[in-house]
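K.L.:
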Amino acid sequence: MKAKLKDFLSSDLDLRNYWPKDERNFGFWVSMLIGPDDEEGSEIFQLLICTPDWIKSEYHNSSAVWGRHMLIVFEYDLGAIKTEIERYLGSCVGDDWHSLAMKVSRVASWEFEEYQP
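Just so we're aligned: the sequence shown equals residues 2 to 118 in the numbering used here.
1. Check each candidate in 99, 8, 36 and 14 and name the one with the smallest Cα separation from residue 29.
2. With respect to the beta strand (DSSP E) encompassing residue 80, which residues constitute its N-terminal and C-terminal limits?
3. Say the cut is 6 Å; is the CB of residue 87 nearer than that to a heavy atom of the ligand MN?
4. Ignore the nearest five residues each way along the sequence and tell me which others in residue 6's own chain have a CB closer than 8 Å to its CB.
5. Which of the three DSSP states is assigned to residue 7 in this structure?
6. Which residues does DSSP pair with residue 71 in a beta bridge?
7. Measuring CB to CB, does residue 109 end up less than 7 Å from residue 70?
8. Going by Cα to Cα distance, which pick from 18, 10, 101 and 98 is closest to residue 50?
9. State the beta-bridge partners of residue 35 as determined by DSSP.
10. Is the stretch 37-51 in contact with the stretch 97-115, if contact means three or more CB pairs nearer than 8 Å?
11. Counting along the chain, where does the alpha helix (DSSP H) carrying residue 61 start and finish?
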């Protein structure tokens, strides 16, 4: 079983029409619906897409920044961003959905990440 990106959206931006003022200085959160490639259904994973310049400008008063749940890119290219996400997802293989979701949650925040039954 492999993980598959089924939808990609932002609650803050219309990604179809978005273009940053500075292609090398931007940051925004995306929600990704990801599920098994051979089944219906998906779960929500969130990821901050940003550039090194954005990190510097956002955290200029900090001496360090933790980088969990970030995809750091060097310029804005939505197609290349999606391709990189799909490349990572294609490397996530597991026997069941939970094992796949755990691998995806290494790079993106999973809606059930801290869930304890």
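Just so you know, even glycine gets a beta-carbon here, dropped at the ideal spot from N, CA and C.
P.N.:
Answer, in terms of the structure:
1. Position 28 of the sequence shown, counted from the first residue, corresponds to residue 29. For the residues 99, 8, 36 and 14, the minimum Cα distance to residue 29 belongs to 14.
2. Residue numbering aside, residue 80 sits at position 79 when the sequence shown is read from its first letter. Taken as a continuous stretch (DSSP letters only), residue 80 belongs to no beta strand (DSSP E), being part of the alpha helix (DSSP H) at 79-91.
3. For the structure depicted, the ligand MN is absent and the ligand set is empty, with no information on it obtainable.
4. Looking up residue 6 in the sequence shown gives position 5. Once the five neighbours on either side are set aside, the close Cβ partners of residue 6 are 33, 34, 35, 83, 86, 87 and 90.
5. Indexing the sequence shown from 1 puts residue 7 at position 6. Residue state, collapsed to three classes: strand.
6. Here residue 71 corresponds to residue number 70 of the sequence shown, with the count starting at 1. Paired residue(s): 49.
7. Translated into the one-based positions of the sequence shown, residue 109 becomes position 108. Translated into the one-based positions of the sequence shown, residue 70 becomes position 69. Yes, the pair counts as a contact, with Cβ atoms nearer than the cut-off.
8. In the sequence shown, counting from the first residue as 1, residue 50 sits at position 49. Residue 10 is the option with its Cα nearest to residue 50.
9. For this step, residue 35 is matched to residue 34 along the sequence shown. According to DSSP, residue 35 bridges with 6 and 44.
10. yes
11. Locating residue 61 in the sequence shown gives position 60, counting from the first residue. Taken as a continuous stretch (DSSP letters only), residue 61 belongs to no alpha helix (DSSP H), as it is neither H nor E.
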